[in-house]
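One structure is given below, encoded as structure tokens.
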Amino acid sequence: MARAHSVQRRIVSTAAAWVVGFILFFPILWMGITSFKTELEAFSTPPNFLFFDWTLENFAIVQERSNYLKFAGNSVILSLGSTLVGLIFAVPAAWAMAFSPGKRTKDLLMWMLSTKMMPPVGALIPIYLIFKDAGLLDSRGGLIIVLFLLNLPIIVWMLFTYFKEIPGEILEAARMDGATLWREIVYVLTPMAVPGIASTLLLNVILAWNEAFWTLNLTTTEAAPLTAFIASYSSPEGLFWAKLSAASTMAVAPILVLGWFSQRQLVRGLTFGAVK
Amino acid sequence: MKGVNKSFGDVTIIPSVDLEIDDGEFVVFVGPSGCGKSTLLRLIAGLEDVTGGRIEIDGVDVSDVPPAKRGLSMVFQSYALYPHMSVRSNIGFGLKMAGAPSEVIRQKVEKAAATLNLTSYLDRKPRQLSGGQRQRVAIGRAIVREPKAFLFDEPLSNLDAALRVQMRLEIAQLHESLTTTMIYVTHDQVEAMTLADKIVVLNAGNIEQAGSPLELYHHPVNLFVAGFIGSPKMNFLTTDVRATGPDGVTVVLPGGRDVRVPVAAGTLQPGAKATLGVRPEHLKTGQQGELAGDVIVVERLGGETYLYIRPPEGALFVVQADGNNSTRVHDRIAVGIDPETCHLFDAEGKALPRLRRHPLADTLEPAQRPN
Amino acid sequence: MATRHTRTLANTAVAPSVLVLFLWMIVPLALTLWFSVLNYNLLDPGNESFIGLLNYEYFLTDPAFLSALANTLKLVAGVLVITVVGGTLLALLLDQPVFGRGIVRLMVIAPFFVMPTVSALIWKNLLMHPVSGLFAWLAKSVGLQPIDWFADWPLTAISLIVAWQWLPFATLILLTALQSLDQEQKEASEMDGTPAISFFFYIVLPHIARAITVVILIETIFLLNVFAEIRVTTGGGDATTNIPFLVYAQALLQFDVGGASAGGIVAVILANVVAFFLVRMIGRNLEA
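Protein chains in written order, with our numbering: chain V, 1297 to 1572; chain G, 65 to 435; chain S, 336 to 623.
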């Protein structure tokens, strides 16, 4: 509102918003702070907010004793891998649906999205057994396949919406200018679609990174990503809060940054057009 | 260079069209929204497929040839510039696709840019340009490929009024200098009248009439064309036929007076109903007159004045008077009709052929009549 | 040319995705269905036998099933209430002119991007621990007895954690919907002298009603399948096992493939009922 609202009202809203925001954010903040404490310090009461001996030891311990980087590497490979495979399948499909829609295109899209509504437990047992027999349990490849299938509908859907926003006339102009189909895609469509493709990539990397059903059930040691690694802190030995915090902070920080950039994509990707 | 001869059936939009366009002609497709004019253009361009019938360019059947290979250029209503490319790349894109060497491309782009006053904008992106500039880039992109014909799809619709007039002049001059065939689609009959060598009036997918602007103005073949061409619209009055003869058809106007219109009666009989058409600019104000009524609205444009008159019986009609006319609302006036300027239409809306053709209607080469 | 040739090309482009998703849907489901009518235990392989609907009977009459169903519904309902009401209030707040709105948004959105295992463990330990947790300290400083969350109120604890994670989602969606409210409507009602509460109920609420429905339906789909938070905090137990966890426990902890498969099918049926309504709602709004 451009008008001069009472300054008083503005101050009250600002105060309320900041308080609420801070409260919601606090667990993450607290987690971050705790990563820099010693275990003893982390567990002691009353809790110390700022004035303690800040230390980096937890980050080192987490790597030395539990090989944090291996799990982080797995998270990266799984998220990027599954999303890239998804893009390879989805780009042509979304292109076709956006630019040559048929009578059934809308239904097809809805069907694809509906596959996301299947409860994972319905597929858990067969997938587990198939993977076991195929030697895919605890393998990065196997998990990439699962994560890819999980996210494919969203990738197709998001690309579809972005492609639809490209004015058809520009592609027709390219056609009139003598571009073959392939060149139309390379010289005109792709450059215009790059922001959309990047946003889709971003959101789906985040979704894959945080996936915590299949990653917990299909991996043990080799292919386990960060979700599973953190889960191992559920049955800990001795004091572990500081280490847990350090590991968690490292696992979560990159996603928080990426997530900040993908807010709008979130609305687009997960509400399927019902909300603008 | 070419005659485009096409007939096709596309059930929903265009029932069947036969049309020939000569080399170098400036043809305008005009008609109300939804009449199929843009569809026709896109069929010529190859952006849509014909459901039936053939399109030929230079005698060669191009119905199955993709747009890129038809040798045509199109200027879109929304300009359709490539947003991620500079003006230079936009204009040169077609040449690049054709595989021309970069030196040749550079020269041609610069020449086109000079013609269109775009040289200082060559390195900008479309979003940094104004509407008129973008339109010129779109035209530049079309010119540089030296096509066999230019296709324009309502190119001036997105511009404001002043810019529209200016661009209209530029397009007319372009045609003069390039002499390439141009096919132009618009819903604005002023653009059609001012730019065209030949106007094709479309209605619901049918060609109502095709001819030179003055031919359509003086000799419309039916009510639709008569009402579409000319602004303000032609006045239509319901009349009864009193007599027919070799000198014309005499009809009774609302209000009782007679007028003998110099048209061939054909099958029209006395006692039948006919519609008399007369343009506002052909009605004369003065003391005597066959039509009378109360003035209900006066529009003063300075150079001319439009009087909207309600007669005691019949519909409202409009008279164009001199700018100095001092008639006021609620005045009662009479207007005179010159029979030479009247048109008569039968019960189906078809025009009765005039006994004498208007001299200017035939200065240009006669256009082909539709079936 | 343009349209004819692209038709076949278009179909080829879509085919791989469709095929792959179709297999992903059909194969596991068919197998689960098949297993559910077998007596199949991983501890006793090679001795499978067809037993018809017996697995379903056992699963549905097991008291653990009813309790799991109840837990599932309590969890979903609880989280929905918190996130929708909270989300609406937050959206209203964030729609105001606020200094540093961007940063507040960042703080509010953040929890959605934290992986479930991290959320669950941080909440359980650093916040909810009855002795050294932050909540315990807060309680003690105002003279109250600290709550032993996971001993006394485990389902509530989990509901809080899940709600914390999903509140940003609801807020973001509702805020987006809120911001699409025509500025002129607000001004018109101000000229009419409408009090704020009426403005909210008669104008704002109907406008965001669709967004609220979307939030509810989409969240429900995901909430029916809460898993990681349970596994990592309580590892099951009567009070916090929901349907997915029950199936998981039977399959991978008790190795009863047959029984768990029956459970899996039950879960699928439950989800399909919800999906039916969701697809109907969204299909109406799809712009395709």
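C-beta: ideal position from N, C-alpha, C; glycine also. Treat the numbers as computed from the prediction; the structure is a model and nothing was measured.
- Going by DSSP, name the residue or residues bridged to E345 (chain G). Position 281 of the second sequence, counted from the first residue, corresponds to residue 345 (chain G). DSSP, once it has assigned bridges, lists no residue as partnering E345 (chain G).
- Query: From S:S467, S:T511 and S:I457, pick the residue whose C-alpha is nearest to that of G1328 (chain V); which is it?
  - Reply: Against the first sequence, residue 1328 (chain V) aligns to sequence position 32. The candidate whose alpha carbon is nearest that of G1328 (chain V) is S:I457.
- Message: Determine whether the beta carbon atoms of L356 (chain S) and L1455 (chain V) lie at a separation below 8 Å.
- Response: As a working mapping, residue 356 (chain S) is identified with position 21 in the third sequence. As a working mapping, residue 1455 (chain V) is identified with position 159 in the first sequence. No, these two residues do not count as a Cβ contact at 8 Å.
- Message: If the criterion is Cβ atoms closer than 8 Å, does the pair G341 (chain G) and F300 (chain G) meet it?
- Response: Position 277 of the second sequence, counted from the start, is the residue given in the question as residue 341 (chain G). Position 236 of the second sequence, counted from the start, is the residue given in the question as residue 300 (chain G). For G341 (chain G) and F300 (chain G), yes; Cβs fall inside 8 Å.
- Message: So, with DSSP's three-state summary, where would you put V349 (chain S)?
- Response: Along the third sequence, one-based indexing puts residue 349 (chain S) at 14. In this structure, V349 (chain S) counts as helix in the three-state DSSP scheme.
- How many angstroms separate the CA atom of E688 (chain S) from the CA atom of V592 (chain S)? Because chain S in this structure spans residues 336 to 623, residue 688 (chain S) falls outside the shown range and cannot be described.
- Nearest to T418 (chain S) by CA position, among S:F580, S:W499, S:L510 and S:I565, is which residue? Position 83 of the third sequence, counted from the start, is the residue given in the question as residue 418 (chain S). With distances taken between Cα atoms, T418 (chain S) lies closest to S:W499.
- Could you name each continuous alpha helix (DSSP H) segment of 4 residues or more that falls completely within the region 82-121 of chain G, going from the start of the chain to the end? Listed in chain order, they are 101-109.
- Query: Any chance the region 100-115 of chain G sits against the region 212-225 of chain G, with 3 or more Cβ pairs inside 8 Å?
  - Reply: Contact between the region 100-115 of chain G and the region 212-225 of chain G is present: 3 or more CB-CB pairs across the two stretches fall below 8 Å.
- Task: Measure the beta-carbon distance from I1451 (chain V) to A1386 (chain V) and round it to whole angstroms, keeping in mind my assumption that it falls under 8 Å.
- Result: In the first sequence, counting from the first residue as 1, residue 1451 (chain V) sits at position 155. In the first sequence, counting from the first residue as 1, residue 1386 (chain V) sits at position 90. Right, the Cβ-Cβ distance comes to about 4 Å (below 8 Å), so this counts as a contact.
- Task: Return the CA-CA distance between N267 (chain G) and F93 (chain G), expressed in angstroms with no decimal places.
- Result: Translated into the one-based positions of the second sequence, residue 267 (chain G) becomes position 203. Translated into the one-based positions of the second sequence, residue 93 (chain G) becomes position 29. Going by the C-alpha atoms only, they are around 10 Å apart.
- Message: Does chain V have any CB closer than 8 Å to the CB of A132 (chain G)?
- Response: Indexing the second sequence from 1 puts residue 132 (chain G) at position 68. Judged by the 8 Å Cβ criterion, A132 (chain G) is in contact with chain V.
- Query: Which whole-angstrom value is the C-beta distance of N1370 (chain V) and A1519 (chain V), which I expect to be below 8 Å?
  - Reply: Here residue 1370 (chain V) corresponds to residue number 74 of the first sequence, with the count starting at 1. Here residue 1519 (chain V) corresponds to residue number 223 of the first sequence, with the count starting at 1. Between N1370 (chain V) and A1519 (chain V) a beta carbon distance of about 6 Å is seen, short of the 8 Å cut, so the two are scored as contacting.
- Message: Can you tell me whether A1430 (chain V) is buried or exposed? The criterion is at least 16 other CB atoms within 10 Å of its CB, across all chains shown.
- Response: In the first sequence, counting from the first residue as 1, residue 1430 (chain V) sits at position 134. When all chains shown are included, A1430 (chain V) counts as exposed.
- Neighbourhood of S390 (chain G) by C-beta, 8 Å cutoff - its chain only, sequence neighbours within 5 removed: Translated into positions along the second sequence, residue 390 (chain G) becomes position 326. Nothing meets the Cβ criterion.
- Where does A486 (chain S) sit, in a helix, a strand or coil, going by DSSP? Locating residue 486 (chain S) in the third sequence gives position 151, counting from the first residue. In this structure, A486 (chain S) counts as helix in the three-state DSSP scheme.
- Query: Mapping DSSP to helix, strand and coil, what is A385 (chain G)?
  - Reply: For this step, residue 385 (chain G) is matched to residue 321 along the second sequence. Of the three classes helix, strand and coil, the one that applies to A385 (chain G) here is strand, per DSSP.
- Query: Cβ of L410 (chain S) within 8 Å of Cβ of I493 (chain S)?
  - Reply: Position 75 of the third sequence, counted from the start, is the residue given in the question as residue 410 (chain S). Position 158 of the third sequence, counted from the start, is the residue given in the question as residue 493 (chain S). Taking the C-beta atoms as reference points, I493 (chain S) is found nearer than 8 Å to L410 (chain S).
- Tell me where the alpha helix (DSSP H) around I543 (chain S) begins and ends. The residue you call residue 543 (chain S) lines up with position 208 of the third sequence. DSSP places I543 (chain S) inside the alpha helix (DSSP H), whose first and last residues are L540 to L558.
- Task: Indicate whether A425 (chain G) and H283 (chain G) have their beta-carbon atoms separated by less than 8 Å.
- Result: As a working mapping, residue 425 (chain G) is identified with position 361 in the second sequence. As a working mapping, residue 283 (chain G) is identified with position 219 in the second sequence. When the beta-carbon positions are compared, A425 (chain G) and H283 (chain G) come within less than 8 Å of each other.
- DSSP three-state assignment for Y185 (chain G), whether helix, strand or coil: Reading the second sequence from its first residue, position 121 is the one you call residue 185 (chain G). Helix at Y185 (chain G).
- Pull up the distance between the alpha-carbon of F1395 (chain V) and that of A1389 (chain V), whole angstroms please. To locate residue 1395 (chain V), count along the first sequence from 1; it is residue 99. To locate residue 1389 (chain V), count along the first sequence from 1; it is residue 93. Between F1395 (chain V) and A1389 (chain V), the C-alpha separation is close to 10 Å.
- Under a three-way DSSP split, which group does V208 (chain G) fall into? The residue labelled residue 208 (chain G) in the question sits at position 144 within the second sequence. Residue state for V208 (chain G) is assigned as coil, using DSSP reduced to three classes.
- Give the single residue among S:L507, S:I496, S:Y375 and S:A471 whose Cα lies nearest to the Cα of T569 (chain S). Here the question's residue 569 (chain S) lines up with position 234 in the third sequence. Of the listed residues, the one whose Cα sits closest to T569 (chain S) is S:I496.
- The beta strand (DSSP E) with E267 (chain G) in it runs from where to where? Along the second sequence, one-based indexing puts residue 267 (chain G) at 203. The residue you asked about is not Glu; residue 267 (chain G) is Asn in the sequence shown. That run of the beta strand (DSSP E) goes K262 to N267.
- Residues of the region 571-599 of chain S whose Cβ lies closer than 8 Å to any Cβ of chain V, in chain order: Considering only beta carbons, the part of the region 571-599 of chain S lying closer than 8 Å to chain V consists of I578, P579, V582, Y583, A586, L587, V592, A595, S596, G598 and G599, in chain order.
- Item | Proximity below 8 Å, CB of L1420 (chain V) to CB of Y537 (chain S) | Counting from one through the first sequence, the residue named residue 1420 (chain V) turns up at place 124. Counting from one through the third sequence, the residue named residue 537 (chain S) turns up at place 202. Not closer than 8 Å, so no.
- Item | Cβ-Cβ distance between A1508 (chain V) and T452 (chain S) below 8 Å | By one-based count along the first sequence, residue 1508 (chain V) stands at place 212. By one-based count along the third sequence, residue 452 (chain S) stands at place 117. Between A1508 (chain V) and T452 (chain S), the gap from beta carbon to beta carbon is short of 8 Å.
- Query: Which first and last residues belong to the alpha helix (DSSP H) in which N1354 (chain V) is found?
  - Reply: Here residue 1354 (chain V) refers to the residue found at position 58 when the first sequence is read from its first residue. The continuous alpha helix (DSSP H) containing N1354 (chain V) extends over residues E1353 to S1362.
- A337 (chain S) - DSSP class collapsed to helix/strand/coil: On the third sequence, residue 337 (chain S) is found 2 positions in, with the first residue counted as 1. Only weak support exists for where A337 (chain S) lies, its pLDDT of 45 falling under 50; the value from the coordinates is given anyway. Looking at A337 (chain S) - three-state DSSP - the assignment turns out to be helix.
- Item | Spatially closest choice to I1373 (chain V) from V:A1311, V:M1408, V:A1504 and V:T1401, by CA coordinates | Stepping through the first sequence from its first residue, residue 1373 (chain V) is reached at position 77. The candidate whose alpha carbon is nearest that of I1373 (chain V) is V:A1504.
- Message: Less than 7 Å between C-beta atoms, sequence neighbours within five positions excluded: which residues of the same chain meet that for N374 (chain S)?
- Response: Your numbering for residue 374 (chain S) matches position 39 in the third sequence. E383, S384, I386 and G593, listed in sequence order.
- Might you give, ordered along the chain, the residues of its own chain that have their beta carbon closer than 8 Å to the beta carbon of L1554 (chain V), omitting 5 neighbours on each side? Position 258 of the first sequence, counted from the start, is the residue given in the question as residue 1554 (chain V). Excluding five sequence positions before and after L1554 (chain V), the CB atoms of its chain that fall closer than 8 Å to its own CB belong to L1498, V1501 and I1502, given in chain order.
- Task: Please confirm if P136 (chain G) has its CB atom under 8 Å from at least one CB of chain V.
- Result: Counting from 1 along the second sequence, the entry for residue 136 (chain G) is found at position 72. Residue identity check: residue 136 (chain G) is Leu in the sequence provided, not Pro. Yes, its Cβ sits closer than 8 Å to a Cβ of chain V.
- Proximal residues to V609 (chain S) (C-beta, below 8 Å), its chain only, five neighbours per side dropped: Counted from its first residue, the third sequence places residue 609 (chain S) at position 274. So the qualifying residues of the chain are L552, T555, I556 and L559.
- Measuring alpha carbon to alpha carbon, tell me which of S:L588, S:I508, S:F562 and S:A505 ends up nearest P1416 (chain V). As a working mapping, residue 1416 (chain V) is identified with position 120 in the first sequence. Ranking the options by Cα distance to P1416 (chain V), first place goes to S:F562.
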